[in-house]
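Participant: Please find one structure pasted underneath; my questions will follow.
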Amino acid sequence: MSDPIIKAENLTRTYCVGRNKVTALSGVNLEINQGDFAVIFGPSGSGKTTLLSLLAGLDTPTEGQVFVDGTNINKLSPNKLAQFRSDNIGMVFQQFNLISALNSRDNVAIPLLLRGLRSKYSRNQANKVLSTLGLSDRTSHKPSELSGGQQQRVAIARALVTKPNILLVDEPTGNLDIPTGNDILEILKEINTKFGTTIILVTHNPEFVKYGNRIINVADGKIIQDRTVDTKRELAENISSLPASNGHLSIFEAFRLAMVHFFNKGFRAFLTTLGVAMGVGSVVALVSLGIGLQTITSSQLASFSDLVSITVTANKDATTNLDDTTVSRIKSLSHVAMVSPNLTLPAQVSIGNSSSQGIVEAIKPEALDFEGVTLSAGTAFKNDSGVIITKAVAKSFNITNLESLIGEDITLSLVSSDGTDLSQAKIVTVPEKISGVSDDDMSSNIYLSLTHLKNYISPDNYNAVKVKIDNRTNVEAVKNTIDTMGFNTTSVVDLINRVDKVFLITQLTLGIIGGVALLIALIGIVNIMTIALLERTHEVGVLKAIGATALDIRRIFEYEVILYGFFGAILGVAAAWSFGWGINSLIAYFMQRENIAGNIALFVTPVSFIILMIVLTMFISLMGGWFPAKKAAKLSAMEALRYE
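Anchor point for the sequence shown: position 405 equals 405 in UniProt numbering, and the numbering is continuous, going up by one each time.
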């Protein structure tokens, strides 16, 4: 005689209920042979379901051990036990235990997918088994769209799809009417007879005893009778084996299940996603505002020529003068392309019978471009004649026709002083003609030739000397050299760097403010995933009973929570970008309407920042869902199945 396919030795199972111990099974010994249809019969509370759970490895005996096909299942790790159960045992439950979010085909295919088999193969096999059980027209229906009998047949199909040697069936007709229940038993009998599948059926209905060839009576946690009934048995058909598998749910299928559960939540999922989107949108909008302000400020501070220039001023504590000798020394330095000495004086400006206040900027004619002077009308001055006024100066005289100013007389009344004794200051009058008008409408500057001004005054020092460097990379080196000469040096790069630091702090501050909203959304994710775990605890038990490992369960929950982060980030980024685009478009519209040149983008959102926010939000969401996912993965199959 061959070895039994199932062997239980001295099985005892006790539970603690409060301070009391309850013995569900006591010293049970049992052997089931290959091909048996064993009916475990007994009243409610007799221990028959506990025995079935121990034989399936869903529960652990207090004492004793269970061998299935020669393997001591009580010594297997949880993951090894899940895989062993997937390979050898099919489970049919009284409550059907179908996953409500999946249709019939996917419910049946789940055990195969949990083994890592390909999606197409798994679903084709599911269709075949469903067709065999008369459900070919119900493959796309969800459990809520099926009758009780149809749901139980789907559950049987799920148990059979892995082609197990053993089928464990717990009260399969408990929720069915009598005719439907009899149909289910006939199906089980046919499976046993046709394929030689070992079936252990638990029931309290004496009418079902007739289907078995082994009748095992259980009462008060003990086997009180075990008898074999001679039945005529047909030769069983060979069952083809399944393809090799890796024993784990594939990443794709885990993600697909997560998607199904995500969209099945409907409005709750939308609200949680909206919370994430609000947090992400706040961060993106505020940081984009900071970047935009930084970009605007930096662009206003510097043109390309400004980035390769240094402004040199005299050190108040030094004796070295900023004079022509110094200008020559600076001009002789390496990498210096141009030197522009500058003399700045306050002046009273007279055109015709009107007067206004302005600032005279005396520079060399060849330095006009370097100084950023752009003409709107007229021509540049020469070494010996002509001045350029700004639009702002023209406006102060209420003159709008700039061309009419060209060639007009202008008188500059300058205060000449050495800066130490104001009592010795004198007024110098410089009569000139306007040669050009610059497009500067902000500053009241009047530009004239430095050489020409020296005909009227003899300055000891220049206010500043602007130095043009041949390459931006050499700015710092030249700057350091001039510093060692005893002068103060500044560059736009220094200012931009200081501005950048200020805006970096601003962006971080704005990001933290927005991050608070993201943190609140994270709490929402933890909340909904904790609720999801409570709602799906029973489902976790079912998945583990049919072969899911802790890794499979954790993946499903983790991928679901990542979806909240992904969709929330996409929605939040889209909303923030749209808001910024709208504001930028509004600014552009008003600038165009007012004929203001230029383009100001108040909100700037770099693509790299968008990608960073999406990835970061998904990671933060994963961290938020980590604990519920870990808790779900650690649930025992029996504990989860008992949860209501």
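Think of the CB as a built atom: it goes at the ideal place given N, C-alpha and C, for glycine as much as any other residue.
1. Return the residue from the list I620, M623, L612 that minimises the CA-CA distance to V287.
2. Is the distance from the Cβ of I562 to the Cβ of S621 below 7 Å?
3. For I110, count neighbouring C-beta atoms within 10 Å of its own C-beta (all shown protein chains included) and say buried if the count is 16 or more, exposed if not.
4. If you run the structure through DSSP and keep just helix, strand and coil, what is V516?
5. Find out if the Cβ-Cβ distance for the pair M91, A38 is shorter than 7 Å.
6. Whole-angstrom Cβ separation of A394 and L453, contact assumed at under 8 Å?
7. From the DSSP output, in three-state form, read off N127 for me.
8. Cβ of Y589 within 7 Å of Cβ of T273?
9. Leaving aside the five residues before and after N463 along the sequence, list all residues of the same chain whose C-beta is less than 7 Å from its C-beta, in chain order.
10. Determine the extent of the beta strand (DSSP E) in which F37 is found, giving its start and end residues.
11. Excluding the five sequence neighbours on either side, which residues of its own chain have a C-beta within less than 6 Å of the C-beta of A236, listed in chain order?
12. Where does M278 sit, in a helix, a strand or coil, going by DSSP?
13. Return the Cβ separation of F381 and S449 in integer angstroms, given the expectation that the two are a contact with Cβ distance under 8 Å.
14. What does DSSP give as the partner residue(s) for V312 in the beta ladder?
15. Between the beta-carbon of V229 and the beta-carbon of S46, is there less than 7 Å?
16. In the structure shown, what three-state DSSP assignment does Q94 receive?
17. How big is the Cα-Cα spacing for W577 and G292?
18. Out of curiosity, what's the CA-to-CA distance linking F304 and K468?
19. Would you tell me roughly how many angstroms separate the C-alpha atoms of A575 and F627, rounded to the nearest one?
20. Below 8 Å, how does it come out for the segment 85-100 and the segment 17-28: are there three or more Cβ pairs, yes or no?
21. What are the boundary residues of the beta strand (DSSP E) that E31 is part of?
22. Give me the residue from L54, V22, K7 with the minimum Cα distance to A545.
23. Does the beta-carbon distance from A632 to I553 come in below 7 Å?
24. Looking at the structure shown, is E432 part of a helix, part of a strand, or coil, going by DSSP?
25. Quick one: give me the first and last residue of the beta strand (DSSP E) that P346 is part of.
26. In whole angstroms, what is the alpha-carbon distance linking L602 and V284?
27. Bridge partners of F158, per DSSP?
28. How should I99 be labelled, buried or exposed, when 16 other C-beta atoms within 10 angstroms of its C-beta is the threshold for buried?
29. Please report how far the alpha carbon of P206 lies from the alpha carbon of P43, in whole angstroms.
30. Start and end of the alpha helix (DSSP H) containing E639?
31. Whose C-beta lies closer than 8 Å to the C-beta of K189 among residues of the same chain, with five residues either side of it excluded?
32. Between N238 and the rest of its own chain, which residues show a CB-CB distance below 7 Å, the 5 nearest in sequence each way excluded?
33. Per DSSP, what are the beta-bridge partners of T132 in this structure?
34. In whole angstroms, what is the alpha-carbon distance linking V66 and A8?
35. Could you say if the segment 162-178 and the segment 131-139 meet the contact criterion of at least three C-beta pairs nearer than 8 Å?
36. What does DSSP give as the partner residue(s) for K426 in the beta ladder?
Facilitator: On the basis of the data shown:
1. Translated into the one-based positions of the sequence shown, residue 287 becomes position 287. Answer by Cα proximity: L612.
2. Within the sequence shown, the letter at position 562 stands for residue 562. Within the sequence shown, the letter at position 621 stands for residue 621. Closer than 7 Å, so yes.
3. Translated into the one-based positions of the sequence shown, residue 110 becomes position 110. I110 should be labelled buried.
4. Taking the sequence shown and counting its residues from 1, one reaches residue 516 at position 516. Three-state result, V516: helix.
5. The residue labelled residue 91 in the question sits at position 91 within the sequence shown. The residue labelled residue 38 in the question sits at position 38 within the sequence shown. No, the Cβ-Cβ distance between M91 and A38 is not below 7 Å.
6. Within the sequence shown, residue 394 is the residue found at index 394, counting from 1. Within the sequence shown, residue 453 is the residue found at index 453, counting from 1. Not confirmed; about 21 Å, so no contact.
7. Residue numbering aside, residue 127 sits at position 127 when the sequence shown is read from its first letter. Looking at N127 - three-state DSSP - the assignment turns out to be helix.
8. Within the sequence shown, numbered from 1, the residue matching residue 589 stands at position 589. Within the sequence shown, numbered from 1, the residue matching residue 273 stands at position 273. No, the pair does not count as a contact, with Cβ atoms beyond the cut-off.
9. The residue given as residue 463 occupies position 463 in the sequence shown. Contacts found: N342, L343, T344.
10. Numbered from 1 along the sequence shown, position 37 holds the residue referred to as residue 37. Taken as a continuous stretch (DSSP letters only), the beta strand (DSSP E) holding F37 covers 37-41.
11. Taking the first residue of the sequence shown as position 1, residue 236 is located at position 236. Residue confidence is low: A236 scores 48 on pLDDT, short of 50, so the model does not pin down where it sits. Its coordinate-derived value is still stated next. Only F195, G196 meet the Cβ criterion.
12. Locating residue 278 in the sequence shown gives position 278, counting from the first residue. Residue state, collapsed to three classes: helix.
13. Here residue 381 refers to the residue found at position 381 when the sequence shown is read from its first residue. Here residue 449 refers to the residue found at position 449 when the sequence shown is read from its first residue. Indeed they touch by this definition, with Cβ atoms about 6 Å apart.
14. Sequence index remark: in the sequence shown, residue 312 carries index 312 (1-based). BP columns for V312 point to V465, T489.
15. Taking the sequence shown and counting its residues from 1, the one referred to as residue 229 is at position 229. Taking the sequence shown and counting its residues from 1, the one referred to as residue 46 is at position 46. Cβ distance not < 7 Å, so V229 and S46 don't count as in contact.
16. Taking the first residue of the sequence shown as position 1, residue 94 is located at position 94. Looking at Q94 - three-state DSSP - the assignment turns out to be coil, as it is neither helix nor strand.
17. Reading the sequence shown from its first residue, position 577 is the one you call residue 577. Reading the sequence shown from its first residue, position 292 is the one you call residue 292. Roughly 12 Å separates the two Cα atoms.
18. Along the sequence shown, one-based indexing puts residue 304 at 304. Along the sequence shown, one-based indexing puts residue 468 at 468. Caution is warranted here: a pLDDT of 49 is assigned to F304, below 50, making its placement in the model unreliable, and the coordinate value is therefore given only provisionally. Using only the alpha carbons, I get a separation of about 11 Å.
19. Within the sequence shown, residue 575 is the residue found at index 575, counting from 1. Within the sequence shown, residue 627 is the residue found at index 627, counting from 1. Each residue's Cα considered, the two are about 30 Å apart.
20. no
21. Working through the sequence shown from its first residue, we reach residue 31 at position 31. Segment 20-32, the beta strand (DSSP E) holding E31.
22. Working through the sequence shown from its first residue, we reach residue 545 at position 545. Nearest C-alpha to A545: L54.
23. Here residue 632 is taken as the residue at index 632 of the sequence shown, counted from 1. Here residue 553 is taken as the residue at index 553 of the sequence shown, counted from 1. A contact, by the Cβ cut-off of 7 Å.
24. Within the sequence shown, the letter at position 432 stands for residue 432. If DSSP states are grouped into helix, strand and coil, E432 belongs with the strands.
25. Numbered from its first residue, the sequence shown carries residue 346 at position 346. Unbroken beta strand (DSSP E) run through P346: 336-351.
26. Translated into the one-based positions of the sequence shown, residue 602 becomes position 602. Translated into the one-based positions of the sequence shown, residue 284 becomes position 284. Approximately 13 Å, taken between the alpha carbons.
27. Here residue 158 is taken as the residue at index 158 of the sequence shown, counted from 1. Note that residue 158 is Arg in the sequence shown, not Phe. Answer is none; R158 lacks a bridge partner.
28. In the sequence shown, counting from the first residue as 1, residue 99 sits at position 99. Buried.
29. For the purposes of this step, residue 206 is taken as the residue at position 206 of the sequence shown. For the purposes of this step, residue 43 is taken as the residue at position 43 of the sequence shown. In a straight line, the C-alpha of P206 is about 10 Å away from that of P43.
30. As a position in the sequence shown, residue 639 is number 639, starting the count at 1. Taken as a continuous stretch (DSSP letters only), the alpha helix (DSSP H) holding E639 covers 637-642.
31. By 1-based counting over the sequence shown, the position of residue 189 is 189. Within the same chain, K189 has close Cβ partners F37, Y211.
32. Working through the sequence shown from its first residue, we reach residue 238 at position 238. Any answer about N238 is weak, because its pLDDT of 49 lies below 50 and its placement is not dependable; what the coordinates show is given next. Same-chain partners within the cutoff: there are none.
33. Counting from 1 along the sequence shown, the entry for residue 132 is found at position 132. Answer by DSSP bridge pairing: none, since T132 is not bridged.
34. Within the sequence shown, residue 66 is the residue found at index 66, counting from 1. Within the sequence shown, residue 8 is the residue found at index 8, counting from 1. Cα to Cα, V66 sits roughly 5 Å from A8.
35. no
36. Here residue 426 is taken as the residue at index 426 of the sequence shown, counted from 1. Answer is S416.
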